[in-house]
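Numbering (the working numbering), first residue to last: 329 to 526.
Structure first, then comments.
What follows is the structure, encoded as structure tokens:
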């Protein structure tokens with residue numbers, strides 16, 4: 329499963345003014361420097377288990393219907409080549425006699441050495457999804473920028489916040505077509521909260 333994140337698009341607004349020989353504009357004699365209005369940097373760690381991320385009951389309530397099957401977790405190992413220090417994958421709705429990765433809903437949280445590595449992983453995930461036919465749109469998850477990816481088989485929300493990445497995916501068979509965004513965003517928000525409280 330890919331893990332991914334999103335880059336922000338900056339918009340530069342240029343102010344235009346006119347001046348004449350008899351009327352020159354002057355800068356204010358006293359002005360306060362512009363202050364940033366963005367949220368403080370996200371600080372989070374990898375949760376120890378899936379319980380603080382989302383229980384099976386949590387997933388059922390957010391989806392609006394119960395999932396059949398079981399839930400399970402897989403802990404990933406560090407991967408130095410991409411700056412990953414650890415990973416937790418939570419799977420829900422695993423069909424009988426199928427591996428955990430066959431879960432119909434998954435929440436993946438990755439921890440990285442630095443924000444740049446985390447953001448790069450998200451960007452790669454988004455680009456790979458687009459290359460395979462997914463459409464993308466920008467969304468917000470708890471004040472963090474994220475990308476909603478919609479494909480023929482599944483929909484995903486991916487983002488990075490500080491050194492943490494989150495990827496929430498659901499098979500189209502368990503979410504209503506075109507309406508997967510809100511539940512996936514809610515699950516991603518729960519994952520971010522768990523990472524902040526870890």
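Note that CB positions come from ideal geometry on N, CA and C, so glycine has one too.
As the structure is a prediction and not an experimental result, all values here were calculated from the model.
Rounded to whole angstroms, what is the Cα-Cα separation between residue i and residue j?
| i | j | result |
| --- | --- | --- |
| residue 393 | residue 370 | 32 Å |
| residue 522 | residue 507 | 24 Å |
| residue 379 | residue 388 | 14 Å |
| residue 413 | residue 464 | 28 Å |
| residue 511 | residue 409 | 33 Å |
| residue 457 | residue 485 | 11 Å |
| residue 376 | residue 442 | 20 Å |
Would a C-beta distance cut-off of 8 Å place residue i and residue j closer than the cut-off?
| i | j | result |
| --- | --- | --- |
| residue 390 | residue 515 | yes |
| residue 435 | residue 469 | no |
| residue 383 | residue 446 | no |
| residue 519 | residue 494 | yes |
| residue 455 | residue 466 | no |
| residue 517 | residue 432 | no |
| residue 404 | residue 489 | no |
In its own chain, which residues sit with a C-beta less than 7 Å from the C-beta of residue i, not counting the 5 before and 5 after it?
| i | result |
| --- | --- |
| residue 343 | In this predicted model, residue 343 has a pLDDT of only 29, less than 50, meaning its place in the structure is not dependable; the value taken from the coordinates is given anyway. Excluding positions up to five away in sequence, the list is empty. |
| residue 462 | 477, 478, 479 |
| residue 502 | 391, 395, 421, 432, 433 |
Closer than 7 Å: is that where the CB of residue i sits relative to any heavy atom of the ligand FAD?
| i | result |
| --- | --- |
| residue 523 | Among the components of this structure there are no ligands whatsoever, and the ligand FAD is therefore not found. |
Short of 6 Å in beta carbon distance, which residues of its chain neighbour residue i, apart from the five on each side in sequence? Order them along the chain.
| i | result |
| --- | --- |
| residue 440 | 411, 412, 446, 491 |
> Any contact of the stretch 398-405 with the stretch 416-432, i.e. 3+ C-beta pairs under 8 Å?
Replying inline: yes
>> Quick check for students: name the residue ranges of the alpha helix (DSSP H) that lie wholly in the stretch 463-518, counting only runs of 4 or more.
In response: none
> For the stretch 406-468, which segments carrying the alpha helix (DSSP H) assignment without a break, of at least 4 residues, lie completely within its bounds, in sequence order?
Replying inline: 443-459
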